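Chains as they are written, first to last, in this note's numbering: chain A, 10 to 324; chain B, 564 to 1052.
Just so it is clear, CB atoms sit at the ideal spot from N, CA and C, and this is done for glycine as well.
None of these values were measured; they are calculated from a predicted model.
Since the structure comes first, as structure tokens, the remarks are kept for the end.
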Amino acid sequence: MMGKEFILHNARQFGTLIGLFILCIILWILTPHFLTVSNLLNITQQTAINAIIAVGMTFVIITAGIDLSVGSIMAFSGVVMASVLNAGLPIPLAILIGIGVGILCGLVNGLLITYGNLPPFISTLGMMSVARGAALLYTNGRPISGFTGDFRFLAVGEVLSIPVPVLVMIIVYVIAHLLLTRTKLGRYTYAIGGNEEAAMLSGINVRFYKTAVYGLCGMMSGLAAIILTARLNSAQPIAGIMYELDAIAATVIGGTSLMGGEGRISGTLIGALIMGVLRNGLNLLGVSSFIQQTVIGAVIIIAVLVDMALKKQRG
Amino acid sequence: MKNIRKTFPGVVALDNVNFTLLKGEVHILLGENGAGKSTLVKILSGAYQKTAGMILFEGKEVDIRTPRQAQQMGISIIYQEFNLIPYLTVAENIFLGREPVGFAGVIDREKMYKDTQIILDDLGVKIDPGSMIKNLGVAEQQMVEVAKALSLNTCILIMDEPTSALTEREIKELFSTIKSLKKKDVSIIYISHRLEELFEVGDRVTVLRDGKYIATEQISNTTAEDLIRMMVDRELKEHYPRNVVKPGGEVLRIEDLTAGNVLKDINLSIRKGEIVGIAGLLGSGRTELARALFGLNKIVSGRIIIHGKSEKISSPRKAIDLKIGFLTEDRKQQGLVLGLSLKDNICLPSVDRLSRFGIVNRKQELITANKFVRNLQIKATGLDQKTMYLSGGNQQKVVMSKWLATEADILIFDEPTRGIDVGSKVEIYKLMNDLKEQGVAILMISSDMLEILGMSDRIIVMHDGKITAEYASHEATQEKILHSALGAA
Chain A
10 MMGKEFILHN
20 ARQFGTLIGL
30 FILCIILWIL
40 TPHFLTVSNL
50 LNITQQTAIN
60 AIIAVGMTFV
70 IITAGIDLSV
80 GSIMAFSGVV
90 MASVLNAGLP
100 IPLAILIGIG
110 VGILCGLVNG
120 LLITYGNLPP
130 FISTLGMMSV
140 ARGAALLYTN
150 GRPISGFTGD
160 FRFLAVGEVL
170 SIPVPVLVMI
180 IVYVIAHLLL
190 TRTKLGRYTY
200 AIGGNEEAAM
210 LSGINVRFYK
220 TAVYGLCGMM
230 SGLAAIILTA
240 RLNSAQPIAG
250 IMYELDAIAA
260 TVIGGTSLMG
270 GEGRISGTLI
280 GALIMGVLRN
290 GLNLLGVSSF
300 IQQTVIGAVI
310 IIAVLVDMAL
320 KKQRG
Chain B
564 MKNIRKTFPG
574 VVALDNVNFT
584 LLKGEVHILL
594 GENGAGKSTL
604 VKILSGAYQK
614 TAGMILFEGK
624 EVDIRTPRQA
634 QQMGISIIYQ
644 EFNLIPYLTV
654 AENIFLGREP
664 VGFAGVIDRE
674 KMYKDTQIIL
684 DDLGVKIDPG
694 SMIKNLGVAE
704 QQMVEVAKAL
714 SLNTCILIMD
724 EPTSALTERE
734 IKELFSTIKS
744 LKKKDVSIIY
754 ISHRLEELFE
764 VGDRVTVLRD
774 GKYIATEQIS
784 NTTAEDLIRM
794 MVDRELKEHY
804 PRNVVKPGGE
814 VLRIEDLTAG
824 NVLKDINLSI
834 RKGEIVGIAG
844 LLGSGRTELA
854 RALFGLNKIV
864 SGRIIIHGKS
874 EKISSPRKAI
884 DLKIGFLTED
894 RKQQGLVLGL
904 SLKDNICLPS
914 VDRLSRFGIV
924 NRKQELITAN
934 KFVRNLQIKA
944 TGLDQKTMYL
954 SGGNQQKVVM
964 SKWLATEADI
974 LIFDEPTRGI
984 DVGSKVEIYK
994 LMNDLKEQGV
1004 AILMISSDML
1014 EILGMSDRII
1024 VMHDGKITAE
1034 YASHEATQEK
1044 ILHSALGAA
């Protein structure tokens, strides 16, 4: 599938991509420092964490759910991982434990939603507070720091001159894209979000796959926790506050509908990059962080308004 | 309405259509799905703007820009899906947006309920103005819609498929309401697919086909055959082209099945290449029976025997693995994922079979989808078209394909042709014949008596969760079936 058909099929993604380019061109004109290799690498590196969390969020939102607990889960799995690392466990094992904590929290969300029949908003709102409290309790509110250079490599290292976090992000996106487009899990994710009853009547084990999707979302939080901890050289129990909103924003800007049933992983990447470019550009321009907040909020609203207007036109 | 034309990007929905409505008449608007009936009434009721042509209202040319404007002129429309708010009362719904207000803008509830009562009495319906909409049945909700239209001083009432969800008795009540409306000089535009009821309720009929005006006739001067010919432009020799296939061995037997809250002591057997029609009124347990066979209803006692083996069907997945397919009654809510493509919908129950280690064989998916789109002649722009953009008949064919793709040999069809145009209906019947020849056993639940009589090899009638009668196709008549369906032994 190439050429015109390809463009038509991915019209929404191209629209967002054009938006990203326009944004880059404006920033390039306004500040010459924007379009340098070091700055662009810097942006992707800063984007990586939000982009990875947004992958899980995209899956969840396609099932017509929401996950408000991603930031808290990230903080919790970060501090657990840091503590076992400092206790002398080898790095790979510590990483697995960190990701495992994320998956577990996600599965609890999923089970509460599928077997407890709780709305996703409520169960993940609860988890947001529970996981945050657990992180604070576990650390007595103090950050855990002082890791070996080997661990720090995960944030500051480079492979083939690509920063490790960017590499991780790319791998996660490729896998997620394949998961969503070529596997049973992917097909069922769309079907459940599009019409849960029809999916159930088509023989899909809706509870199983929905729980799996929340588990996957928790896993992404665990993965993000590794990169953040390595970058800051410290695991903070108060890390990741408001990250859920950034992840939701990236997903929604990327064209995934909050109603569920549609969305693309590539769109989410572009959405996350738009958020990253915007933050970076406003920083370069010396715009105060208060104004930044306002601008980013406005961009989210405008992106969705434009999307809805285009959808309506297309019928 | 004169020379009405309406285009959507890429499509001409209406081309040079003429339509005249007389005072106090019931004018039937007839045509297959996609013929332009809905578009025409939407232009009249202000939901769409015409591209060309003109509308004359009481002799004067008018320009109807919004539904509100249409309402003020006395044009109301009752859609198939009602526009009522479930958690408000009847009176609150009727006066929504124009509540009588008293001192300081407080709603004068007493007046509102009294006025509602007057309207309802006038219509001759017994509904409490204080009941909540969600507690009313479909027929009662429809009456509330009619009452709402009347309270707006409606002189033109448009009804889109008003009987599609009603039982026989409710339809009778609706017709008597329509007659009393006629006496009040209200003109009615009535859209329906059910030919038999047109003759009962209509004065004149206008037929549309592919967005074009075909003819307007006095109902008394025409026959069902004439109308069908005008609608489809091809002779439909047989509405119900049932073929006779010698049934093979037994594939399914139900013994003393009691399930859910409704089903009691069901005994039933079906053989290869047989269509068993299940008749009964709403609430008689027909759909419950289908759901029990598909693992959706808790089985209290009794056995389900498939290919000679007693099976526990605990979930739809289990049922599909046992090669049972269930075409549900509600295509949009239960049958299709409207936001997904034809291909994804057709393959949905088969994804499991089309995958290895969780990875879907996309080539096989395309082949499967392509095969059914071709065999069933599904009209679409491509395999990637979202099913929400297909016509009802084509949507139903997608649901059929979905179950055929699972290679099921027991198919349960719940109201397979509801809300589908005549042309597609016949195609679906032909498909059922083909399936019979391939040795598939079909259980067909239907409220359409002629369909039951026309297509079934055997007919089972249910009442109050029990099977009350069984007829061979040659001995069944409408009277006998109705008799058994009403529970009269």
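Any C-beta of chain B under 7 Å from that of residue i
i	result
A281(A)	no
T192(A)	yes
G203(A)	yes
8 Å Cβ cut-off: residues of chain A touching residue i
i	result
D907(B)	R196, Y199 and A200
Neighbour list for residue i in chain B, Cβ cutoff strictly below 7 Å
i	result
E206(A)	Q896 and Q897
CB contact check: residue i to chain A, cutoff 7 Å
i	result
L799(B)	Low per-residue confidence applies at L799(B): pLDDT is 43, beneath 50, and the placement is therefore not dependable enough to give any value.
R916(B)	no
I941(B)	no
L911(B)	yes
I883(B)	yes
Per-residue contacts from residue i into chain A (C-beta, under 7 Å)
i	result
T891(B)	L210
R880(B)	G212 and N214
R925(B)	R191
G921(B)	T192, K193 and L194
Closest Cα partner of residue i within the set the options
i	options	result
G888(B)	V985(B), T1031(B), T717(B) and I909(B)	I909(B)
A60(A)	V183(A), L267(A) and G269(A)	V183(A)
Q245(A)	R161(A), D316(A) and A144(A)	A144(A)
V173(A)	A239(A), S243(A), S47(A) and M268(A)	A239(A)
D819(B)	K809(B), I868(B), V749(B) and S877(B)	I868(B)
K942(B)	P804(B), G986(B) and E970(B)	G986(B)
L744(B)	E760(B), I754(B) and C718(B)	C718(B)
M963(B)	R1021(B), T891(B) and L901(B)	T891(B)
S918(B)	L188(A), F130(A) and V315(A)	L188(A)
E1038(B)	I1030(B), M1025(B) and I1015(B)	I1015(B)
N957(B)	K835(B), N581(B), G846(B) and L901(B)	L901(B)
I838(B)	Q705(B), L998(B), A576(B) and V961(B)	L998(B)
D1020(B)	K742(B), L1006(B), L720(B) and S1036(B)	S1036(B)
L715(B)	L953(B), D684(B) and G637(B)	G637(B)
G848(B)	I591(B), G594(B), L577(B) and L1049(B)	L1049(B)
S601(B)	K569(B), K623(B) and K586(B)	K569(B)
G622(B)	M564(B), N656(B) and S1009(B)	M564(B)
Beta-carbon separation (whole angstroms), residue i vs residue j, contact threshold 8 Å
i	j	result
I236(A)	L163(A)	6 Å
N938(B)	L946(B)	The pair is not a contact, with the Cβ atoms about 14 Å apart (cut-off 8 Å).
T730(B)	L647(B)	The pair is not a contact, with the Cβ atoms about 20 Å apart (cut-off 8 Å).
T260(A)	T72(A)	The pair is not a contact, with the Cβ atoms about 12 Å apart (cut-off 8 Å).
I122(A)	K219(A)	6 Å
V825(B)	G1028(B)	4 Å
V304(A)	L293(A)	At roughly 13 Å, the Cβ-Cβ gap does not stay under 8 Å, so V304(A) and L293(A) are not in contact.
G774(B)	G599(B)	4 Å
I153(A)	V93(A)	At roughly 10 Å, the Cβ-Cβ gap does not stay under 8 Å, so I153(A) and V93(A) are not in contact.
S81(A)	A140(A)	4 Å
N319(A)	G24(A)	According to the sequence provided, residue 319(A) is Leu. The question's Asn does not apply to it. Confirmed, about 7 Å.
Q704(B)	I696(B)	6 Å
Chain E within 7 Å of residue i, Cβ atoms only
i	result
G65(A)	Absent from the structure: chain E. Protein chains present are A and B.
Residue i: contacting residues in chain B (beta-carbon distance under 8 Å)
i	result
E271(A)	G902
Original post:
Does the pairing of the stretch 853–868 of chain B with the stretch 813–822 of chain B give three or more beta-carbon distances under 8 Å?
Top reply: yes
**OP:** Answer yes if the stretch 663–671 of chain B comes into contact with the stretch 718–732 of chain B, meaning at least three C-beta pairs across the two stretches below 8 Å, and no otherwise.
**Re:** no
Original post:
How do the stretch 227–242 of chain A and the stretch 101–119 of chain A stand: do at least 3 beta-carbon pairs fall below 8 Å, yes or no?
Top reply: yes
Subject >> Contact between the stretch 271–287 of chain A and the stretch 48–56 of chain A (3+ Cβ pairs under 8 Å) >> reply: yes
Original post:
Three or more C-beta pairs closer than 8 Å, one from the stretch 30–46 of chain A and one from the stretch 202–212 of chain A: is that the case here?
Top reply: no
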